[in-house]
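Here the sequence shown is numbered in my numbering, starting from 71 and rising by one per residue.
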Amino acid sequence: PDLPNFYAHERLMNDLKNVFEITHKKFKNWKALKKLNP
C-alpha cells in the first residue's frame, strides 16, 4: 500500500477510537449522574 496513505488511515482510526472512548465515558458518567438525580 501507499505508505503515506497507510499512516494517515492509521492516525484516523486512532482518532476515531479516542473520540469513541471519550464519548462512551461521558455517556456512562451521564447515566450514573441521572441515576443519582432522576
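Here a beta-carbon is modelled for each residue, glycine too, at the ideal position from N, C-alpha and C. Quantities reported herein were computed from a predicted structural model and do not represent experimental measurements.
Practice item. Measure the alpha-carbon distance for arginine 81 versus lysine 98 and round it to whole angstroms. Key: 26 Å
Point to revise | Sequence-distant residues of the same chain with beta carbon closer than 8 Å to lysine 16, five excluded per side | key: Since the first residue of the chain shown is 71 and the last is 108, residue 16 is not available in this structure.
Review point. Could you give the distance in angstroms between the alpha-carbon of proline 74 and the alpha-carbon of methionine 83?
Key: 14 Å
Check your understanding: Looking at the unbroken alpha helix (DSSP H) that takes in asparagine 88, where does it start and where does it end?
Key -> 73-106
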